[in-house]
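So in the numbering used here, spot 204 of the sequence shown is number 221, and the numbers just go up one at a time.
Even for Gly, the Cβ is constructed at its ideal location relative to N, Cα and C.
To keep things clear, I will list the structure first and then write my remarks on it.
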Amino acid sequence: MNEIANKLNNISTEKYNISLGFDGYVDEIISAVSTRTDINNFTPINTITQFGNRILSAAGKSTNVELHTNHFKLGGNGPIMGNSIAAIGSPVNYIGALGFPHIHDVFKSLNEKFKQISISEPGHTRAVEFDDGKIMFGKLAMTDLTWNRIIECVPEKELQSFFTDCDLLGMVNWTQTPYMTDIWSHLIDNYLPSLNFNNKKPYLFIDLADPEKRSPEDIITMLKLLSGFEKFYKVILGLNEKESYEIAEALKISSTNKDSIGLQSIAKNIQEKLKITVCVIHPVKFAVCSFNGKTYSQEGPYVPNPLISTGAGDHFNAGFAFGLMAGLTPHESLLLGVSNSGYYVRTAKSASLTDLKNFINDWQK
């Protein structure tokens with residue numbers, strides 16, 4: 018622990034530049050009501066199993082489930098991940114769906130280090146939260162978020178800088194960004210080869226965001242593109258546990274053993290099969306990664322009753338990707354990822370670098 022503490026003390030967060038895109042959502046955080054005692058008080062449905070049984074019991078009949086809105090918050094994998102990195106202390110340049118022509122009020126709470134160019138309207142997610150997970154309800158959104166829209170709205174010099182002057186590039190929420198595969202194809206085939214990276218090879222973080230609803234053909238087409246980015250970036254593919262099984266199945270990788278050892282094997286096979294630098298997998302209680310064929314694992318500071326769960330994965334991604342970008346080892350980066358997520362689910366706040374140092378120190382005592 019002393020070694021990572023010393024490294025964190027020596028990190029100058031301001032010197033790093035992060036570019037992120039392209040999604041944006043307004044998240045409505047909701048509880049499902051089990052019983053209501055009066056206008057101000059109710060007992061929530063606590064688990065997804067209970068919620069599922071409530072729905073199943075209505076088959077052939079009907080039922081009513083009251084949804085109680087707790088609050089609205091900024092959403093989207095990119096804004097949440099970027100806001101977390103900005104809280105750690107590094108400037109973030111964001112291109113995405115934060116409202117057009119005016120930025121939506123919910124995004125005005127973003128960290129001052131988060132600079133944005135908004136090119137389209139955000140989506141709207143209804144996140145019903147339970148003790149054991151969450152169910153996200155949403156409609157198709159960001160249908161105008163295309164490569165042509167990006168080059169139409171972003172000045173050329175700024176766009177070039179977005180892709181070349183960063184230490185970390187993130188392109189996230191492939192599943193809910195309908196034209197992301199097309200955007201990636203344009204980048205790999207036409208745009209990136211024309212740019213000057215000045216012998217620099219930044220990290221590129223890719224997040225899929227629950228690809229279950231996309232067709233197997235779409236998933237395979239997308240996965241085949243990832244190695245094309247390796248000419249320009251060191252590619253990190255970030256997956257939660259469920260996503261790791263789905264990608265393993267698409268790549269015909271065995272995934273029978275679901276403990277840490279099994280997931281390390283899955284991460285290694287995915288990373289090597291896709292010919293990328295890193296595959297990281299973050300279940301609820303631990304995280305694993307494969308970095309150029311070598312695997313690592315880190316237990317997490319699990320809490321059974323989190324204050325918030327929506328955005329926990331994005332905070333893990335922020336901590337992990339920031340760690341690699343800042344020169345931490347893969348194992349130290351896993352530790353930073355689980356700590357960043359652990360702090361967030363306990364406080365509903367994004368951690369500063371000082372917060373992370375204190376959290377790691379207190380947790381490891």
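Cα-Cα separation between residue i and residue j, rounded to whole angstroms
{"i": "G106", "j": "S356", "result": "16 Å"}
{"i": "I152", "j": "E266", "result": "23 Å"}
{"i": "N104", "j": "A365", "result": "Sequence inspection shows Ala at residue 104; the Asn mentioned does not correspond to that position. If you take the alpha carbons of A104 and A365, they lie about 13 Å apart."}
{"i": "D224", "j": "G255", "result": "5 Å"}
{"i": "D331", "j": "H203", "result": "26 Å"}
{"i": "I200", "j": "S307", "result": "27 Å"}
{"i": "I205", "j": "Y250", "result": "11 Å"}
{"i": "N87", "j": "Y319", "result": "24 Å"}
{"i": "L373", "j": "E289", "result": "32 Å"}
{"i": "K174", "j": "S271", "result": "45 Å"}
{"i": "N70", "j": "N57", "result": "26 Å"}
{"i": "S314", "j": "K248", "result": "27 Å"}
{"i": "L243", "j": "G310", "result": "17 Å"}
{"i": "K90", "j": "D44", "result": "5 Å"}
{"i": "G340", "j": "S74", "result": "47 Å"}
{"i": "L351", "j": "I102", "result": "15 Å"}
{"i": "S369", "j": "D227", "result": "28 Å"}
{"i": "S5", "j": "V305", "result": "For the chain, the structure presents residues 18 to 382; residue 5 sits outside this window and is missing."}
{"i": "R231", "j": "T238", "result": "11 Å"}
{"i": "Y208", "j": "S79", "result": "53 Å"}
{"i": "A76", "j": "D55", "result": "28 Å"}
{"i": "M159", "j": "A114", "result": "7 Å"}
{"i": "L176", "j": "T273", "result": "43 Å"}
{"i": "Y196", "j": "G359", "result": "33 Å"}
{"i": "L345", "j": "D182", "result": "20 Å"}
Reference residue i; option with closest CA among the options
{"i": "G99", "options": "L186, L345, L254 and V362", "result": "L186"}
{"i": "I236", "options": "N190, L221, Y220 and P318", "result": "N190"}
{"i": "T198", "options": "L212, L291 and W164", "result": "W164"}
{"i": "G150", "options": "I377, P323, P195 and Y42", "result": "P323"}
{"i": "F303", "options": "F337, K311 and L209", "result": "F337"}
{"i": "L221", "options": "H121, N58 and L37", "result": "L37"}
{"i": "F124", "options": "K285, A329 and D40", "result": "D40"}
{"i": "A144", "options": "A49, I28, E31 and P219", "result": "A49"}
{"i": "S51", "options": "V43, Q67 and P195", "result": "Q67"}
{"i": "I112", "options": "F131, D122, S126 and S101", "result": "F131"}
{"i": "E31", "options": "L127, N81 and D184", "result": "D184"}
{"i": "P233", "options": "E258, N213, K218 and E263", "result": "E263"}
{"i": "T194", "options": "L351, I28 and Y42", "result": "Y42"}
{"i": "S137", "options": "N257, E258 and F117", "result": "F117"}
{"i": "R166", "options": "I293, F246, G245 and I134", "result": "I134"}
{"i": "K292", "options": "E260, S261 and G245", "result": "G245"}
{"i": "T327", "options": "I46, S350 and L115", "result": "I46"}
{"i": "S367", "options": "N26, A75, A329 and A343", "result": "A329"}
{"i": "T60", "options": "H85, N81 and P210", "result": "H85"}
{"i": "L268", "options": "P108, K241 and K275", "result": "K241"}
{"i": "G155", "options": "G317, P139, L127 and E258", "result": "P139"}
{"i": "P321", "options": "S29, T64 and N27", "result": "T64"}
Assigned secondary structure, residue i (DSSP; H/G/I helix, E/B strand, else coil)
{"i": "A104", "result": "helix"}
{"i": "M197", "result": "helix"}
{"i": "Y361", "result": "helix"}
{"i": "E144", "result": "Rather than Glu, the amino acid found at residue 144 in this sequence is Ala. Three-state DSSP puts A144 in a strand."}
{"i": "L73", "result": "helix"}
{"i": "S350", "result": "helix"}
{"i": "F154", "result": "strand"}
{"i": "F117", "result": "coil"}
{"i": "I28", "result": "coil"}
{"i": "I325", "result": "coil"}
{"i": "L370", "result": "helix"}
{"i": "L91", "result": "strand"}
{"i": "V252", "result": "strand"}
{"i": "G38", "result": "strand"}
{"i": "P139", "result": "coil"}
{"i": "G340", "result": "helix"}
{"i": "V355", "result": "helix"}
{"i": "T66", "result": "helix"}
{"i": "M98", "result": "helix"}
{"i": "N334", "result": "helix"}
{"i": "V320", "result": "coil"}
{"i": "D149", "result": "coil"}
{"i": "N378", "result": "helix"}
{"i": "S126", "result": "helix"}
{"i": "N23", "result": "helix"}
Residue(s) in a DSSP beta bridge with residue i
{"i": "R53", "result": "F59"}
{"i": "Q133", "result": "Y111"}
{"i": "T86", "result": "I47"}
Residue i beta carbon near the ligand PLP (any heavy atom closer than 8 Å)
{"i": "S79", "result": "Absence of the ligand PLP is noted for the structure shown, with no ligands found whatsoever."}
(request) Please go through the segment 257 to 318 and give each complete alpha helix (DSSP H) segment of 4 or more residues, from N-terminal end onward. (result) Contiguous alpha helix (DSSP H) elements confined to the segment 257 to 318 occur at 258 to 267 and 277 to 291, taking only those with 4 or more residues.
(request) Please go through the segment 162 to 244 and give each complete beta strand (DSSP E) segment of 3 or more residues, from N-terminal end onward. (result) Uninterrupted beta strand (DSSP E) stretches at least 3 residues long and entirely within the segment 162 to 244 occur at 185 to 189 and 220 to 224, given in chain order.
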